[in-house]
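Chains as they are written, first to last, in our numbering: chain C, 1 to 182; chain F, 1001 to 1240.
Ideal Cβ placement from N, Cα and C applies to all residues, glycine included.
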């Protein structure tokens, strides 16, 4: 089998499938893939929790409460990319704009898949923000008096670390709602 | 389901079609509330002489203003205290926009769920992009004013001249990421709340309160805070 034959074998069958069914099938895969981004917040929040526990054990009298608060705040921010993925997955599942769109079936189907794929980028911000939350919890445990200053720096850094995740969200929303690939 | 920004009416203006959207109307409502509150506070405070040791309403207003001023000073430095009123106003506006998802609002479409909440204006990219563009032009404008055109242009070629395109792209990416950060977070909350309210009634007991606390109050306050803080950081770092 030559290259052309392999491509025909892999993609050729799609021409015979109903375009709407193709979009629905790829939407299912896309929604599943989008949620892979949950790896990021999971690792990040776990790291933050571990660092906070360490900080509490080192300074249980003064640092325990501030470290816990900072850990919770930072972890809630680290959850953002997971929520973005959930939003895209939920849009694909319940409010899929591609189903009723006019166009080539395979392109629309691949748009649904691509929207899900792009959300995998959320792994990075999730881990990074969780790392920032953990280090901040550790620092606050050591110096509880500097809590507001440390929290401010942490939030600023986490907001910047979110940027690539935001870009992924933009691309996913464009793929779903804007007809760029005609 | 439909989370788009509904067009309430269209107005013809000099041959152009102007779309009056849901987020514009909601934004006007919020602006009206803010203006009304400001005027009422002003009238009440003017009626009596201001005290050196404030009590009552004066105390509350002074606390809020002082808090916002301190927020500006601690982020931008003491010499930029004059940015306080601007960023204080911006913060209050964004905060109220984000929190408006908690308020019941006017109904624009028939097919809405059981309870129609206001669609936060910040869940519209036009609103957040406008706010981010204000920051962008302030950043460049104050940068030029503080450093002079020559030094400002030279700053774009650092650390060496082949990196100029990257620096320009970096500057242009700031308003994009700034606006979509706010937009994405608020829109995400709006979509999830909208989907949740379409569940059968037994799922709507108690749980929406927790979701509102996270998606509207926590995310709303945090994103308003982050937007204003990033905007302050961009402007003050451009002036250094």
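Task: Distance between residue 153 of chain C and residue 113 of chain C (C-alpha atoms, nearest Å) - done: As a position in the first chain, residue 113 of chain C is number 113, starting the count at 1. As a position in the first chain, residue 153 of chain C is number 153, starting the count at 1. Answer to the nearest angstrom: the Cα atoms are 37 angstroms apart.
Task: For residue 1021 of chain F, the three-state DSSP class (helix, strand or coil) - done: Here residue 1021 of chain F corresponds to residue number 21 of the second chain, with the count starting at 1. The answer is strand: DSSP assigns residue 1021 of chain F an E or B state.
TODO: Please name the residue in C:181, C:161, C:115, C:130 whose C-alpha comes closest to that of residue 172 of chain C.
DONE: The residue labelled residue 172 of chain C in the question sits at position 172 within the first chain. For the options C:181, C:161, C:115, C:130, the alpha carbon positioned closest to that of residue 172 of chain C is the one of C:115.
Task: chain F contact residues for residue 45 of chain C, given Cβ-Cβ distances below 8 angstroms - done: Looking up residue 45 of chain C in the first chain gives position 45. None at all; the shortest Cβ gap to chain F is about 15 angstroms.
- [ ] Report, in whole angstroms, the separation of the C-beta atoms of residue 166 of chain C and residue 1181 of chain F, which I expect to be a contact under 8 angstroms.
- [x] Within the first chain, residue 166 of chain C is the residue found at index 166, counting from 1. Within the second chain, residue 1181 of chain F is the residue found at index 181, counting from 1. About 5 angstroms; that satisfies the 8 angstroms criterion.
- [ ] Would you kindly check if the distance between the Cβ of residue 137 of chain C and the Cβ of residue 52 of chain C is under 9 angstroms?
- [x] Residue numbering aside, residue 52 of chain C sits at position 52 when the first chain is read from its first letter. Residue numbering aside, residue 137 of chain C sits at position 137 when the first chain is read from its first letter. The answer is yes: Cβ separation under 9 angstroms.
Open item on the list: Residues in the same chain with beta-carbon distance under 8 angstroms from residue 1057 of chain F, minus the five sequence neighbours each way, listed in chain order, please.
Closed with: In the second chain, counting from the first residue as 1, residue 1057 of chain F sits at position 57. Here the set comprises 1041, 1044, 1045.
Task: Per-residue DSSP class, three states only, for residue 180 of chain C - done: The residue you call residue 180 of chain C lines up with position 180 of the first chain. Coil, per DSSP.
Open item on the list: So with CB distances below 7 angstroms, who are the chain C contacts of residue 1237 of chain F?
Closed with: Indexing the second chain from 1 puts residue 1237 of chain F at position 237. Within 7 angstroms Cβ-Cβ: nothing; residue 1237 of chain F doesn't reach chain C, min ~11 angstroms.
TODO: Go through the region 58–115 of chain C residue by residue and report every complete run of the alpha helix (DSSP H) that reaches 4 residues or more, in order.
DONE: Listed in chain order, the complete alpha helix (DSSP H) runs (minimum 4 residues) inside the region 58–115 of chain C are 64–78, 80–94.
- [ ] Might you give, ordered along the chain, the residues of its own chain that have their beta carbon closer than 7 angstroms to the beta carbon of residue 110 of chain C, omitting 5 neighbours on each side?
- [x] On the first chain, position 110 is the one that residue 110 of chain C refers to. The answer, listed in chain order, is 26.
Open item on the list: Which residue marks the beginning of the beta strand (DSSP E) containing residue 1008 of chain F, and which one marks its end?
Closed with: Locating residue 1008 of chain F in the second chain gives position 8, counting from the first residue. Per DSSP, the unbroken beta strand (DSSP E) holding residue 1008 of chain F starts and ends at 1007–1013.
Open item on the list: Buried or exposed, going by whether 16 or more other CB atoms sit within 10 Å of the CB of residue 181 of chain C?
Closed with: In the first chain, residue 181 of chain C corresponds to position 181, counting from 1. With fewer than 16 other Cβ atoms within 10 Å, it is exposed.
Open item on the list: So residue 1183 of chain F and residue 1123 of chain F are supposed to be a Cβ contact under 8 angstroms. How far apart are they, rounded?
Closed with: Translated into the one-based positions of the second chain, residue 1183 of chain F becomes position 183. Translated into the one-based positions of the second chain, residue 1123 of chain F becomes position 123. 7 angstroms between Cβ atoms; contact.
Task: Contact check, residue 127 of chain C vs residue 139 of chain C, beta carbons under 9 angstroms - done: The count along the first chain starts at 1 and reaches residue 127 of chain C at position 127. The count along the first chain starts at 1 and reaches residue 139 of chain C at position 139. Taking 9 angstroms as the Cβ cut-off, residue 127 of chain C and residue 139 of chain C do not qualify as a contacting pair.
- [ ] List the residues of chain C that residue 1185 of chain F touches, going by C-beta distances under 7 angstroms, in chain order.
- [x] Start at 1 with the first residue of the second chain, and residue 1185 of chain F comes out as number 185. Within chain C, 80 have C-beta atoms less than 7 angstroms from the C-beta of residue 1185 of chain F, given in sequence order.
- [ ] Please name the residue, chosen from C:159, C:41, C:37, that lies closest to residue 1225 of chain F on a Cα-to-Cα basis.
- [x] Start at 1 with the first residue of the second chain, and residue 1225 of chain F comes out as number 225. When C:159, C:41, C:37 are compared, the shortest CA-CA separation from residue 1225 of chain F is found for C:159.
Task: Beta-carbon proximity of residue 1025 of chain F to residue 1017 of chain F, cut-off 9 angstroms - done: The residue labelled residue 1025 of chain F in the question sits at position 25 within the second chain. The residue labelled residue 1017 of chain F in the question sits at position 17 within the second chain. No, Cβ-Cβ distance for residue 1025 of chain F and residue 1017 of chain F is not below 9 angstroms.
TODO: Given a cut-off of 9 angstroms, decide if residue 133 of chain C and residue 38 of chain C are closer than it, judged by their beta-carbon atoms.
DONE: Your numbering for residue 38 of chain C matches position 38 in the first chain. Your numbering for residue 133 of chain C matches position 133 in the first chain. With contacts defined by Cβ atoms closer than 9 angstroms, residue 38 of chain C and residue 133 of chain C do not form a contacting pair.
Task: Environment of residue 18 of chain C [buried if 16+ CB atoms lie within 10 Å] - done: Against the first chain, residue 18 of chain C aligns to sequence position 18. So residue 18 of chain C counts as exposed.
- [ ] Starting from the beta carbon of residue 87 of chain C, find every residue of chain F whose beta carbon is closer than 7 angstroms, and list them in chain order.
- [x] Sequence index remark: in the first chain, residue 87 of chain C carries index 87 (1-based). The answer, in chain order, is 1188, 1191, 1192.
Open item on the list: Within 9 angstroms of any Cβ in chain C, is that where the Cβ of residue 1214 of chain F sits?
Closed with: One-based indexing of the second chain puts residue 1214 of chain F at position 214. Taking a beta-carbon distance threshold of 9 angstroms, residue 1214 of chain F counts as an interface residue toward chain C.
- [ ] Could you tell me the distance, in whole angstroms, from the CA atom of residue 87 of chain C to the CA atom of residue 1095 of chain F?
- [x] As a working mapping, residue 87 of chain C is identified with position 87 in the first chain. As a working mapping, residue 1095 of chain F is identified with position 95 in the second chain. Taking C-alpha positions only, residue 87 of chain C is separated from residue 1095 of chain F by approximately 22 angstroms.
Open item on the list: Please list the terminal residues of the continuous alpha helix (DSSP H) segment that includes residue 1069 of chain F.
Closed with: Start at 1 with the first residue of the second chain, and residue 1069 of chain F comes out as number 69. 1056–1076 is the extent of the alpha helix (DSSP H) around residue 1069 of chain F.
TODO: Go ahead and label residue 83 of chain C buried or exposed: buried means 16 or more other beta carbons lie within 10 angstroms of its beta carbon, across all protein chains shown.
DONE: Position 83 of the first chain, counted from the first residue, corresponds to residue 83 of chain C. Buried.
TODO: Given a cut-off of 9 angstroms, decide if residue 1068 of chain F and residue 1087 of chain F are closer than it, judged by their beta-carbon atoms.
DONE: If you number the second chain from 1, residue 1087 of chain F lands on position 87. If you number the second chain from 1, residue 1068 of chain F lands on position 68. Cβ atoms of residue 1087 of chain F and residue 1068 of chain F: closer than 9 angstroms.
TODO: At 4 residues or longer, and completely inside the region 5–45 of chain C: list those alpha helix (DSSP H) runs for me, N to C.
DONE: Within the region 5–45 of chain C, the alpha helix (DSSP H) runs of at least 4 residues that lie entirely inside it are, in chain order, 19–34.
Task: Rounded separation between residue 163 of chain C and residue 33 of chain C - CA only - done: Sequence index remark: in the first chain, residue 163 of chain C carries index 163 (1-based). Sequence index remark: in the first chain, residue 33 of chain C carries index 33 (1-based). So the alpha carbons of these two residues sit roughly 20 angstroms apart.
TODO: Using a Cβ cut-off of 9 angstroms (strictly closer), state whether residue 1160 of chain F contacts chain C.
DONE: Mapped onto the second chain, residue 1160 of chain F falls at position 160. At least 9 angstroms separates the CB of residue 1160 of chain F from every CB of chain C.
Open item on the list: Distance cutoff 9 angstroms, beta carbons only. Does residue 152 of chain C sit that close to anything in chain F?
Closed with: Within the first chain, numbered from 1, the residue matching residue 152 of chain C stands at position 152. By this cut-off, residue 152 of chain C is an interface position.
Task: Contact set between residue 9 of chain C and chain F, taken where Cβ atoms lie within less than 9 angstroms - done: If you number the first chain from 1, residue 9 of chain C lands on position 9. Result: empty, since nearest Cβ-Cβ is about 38 angstroms, beyond 9 angstroms.
TODO: At 8 angstroms on the CB atoms, spell out the chain F contacts of residue 169 of chain C, in chain order.
DONE: The count along the first chain starts at 1 and reaches residue 169 of chain C at position 169. Within 8 angstroms Cβ-Cβ: 1180, 1184.
TODO: Report yes or no: is there a C-beta of chain F within less than 9 angstroms of the C-beta of residue 163 of chain C?
DONE: As a first step, residue 163 of chain C must be located in the first chain, where it is residue number 163. Yes - at least one Cβ of chain F is within 9 angstroms of the one on residue 163 of chain C.
TODO: List the residues of chain C whose Cβ lies closer than 9 angstroms to the Cβ of residue 1230 of chain F, in chain order.
DONE: By 1-based counting over the second chain, the position of residue 1230 of chain F is 230. Per Cβ cutoff of 9 angstroms: 156, 159, 160.
TODO: Give every residue of the same chain whose Cβ lies closer than 8 angstroms to the Cβ of residue 1039 of chain F, excluding the five residues on either side of it in the sequence, and list them in chain order.
DONE: Taking the first residue of the second chain as position 1, residue 1039 of chain F is located at position 39. By the criterion of a C-beta distance shorter than 8 angstroms, residue 1039 of chain F is surrounded by no residue of its chain, once the five residues flanking it on both sides are discounted.
Task: Local Cβ density within 10 Å of residue 1160 of chain F, reported as buried at 16 or more and exposed below that - done: For the purposes of this step, residue 1160 of chain F is identified with residue 160 of the second chain, where counting begins at 1. Residue 1160 of chain F is exposed by the Cβ-count criterion.
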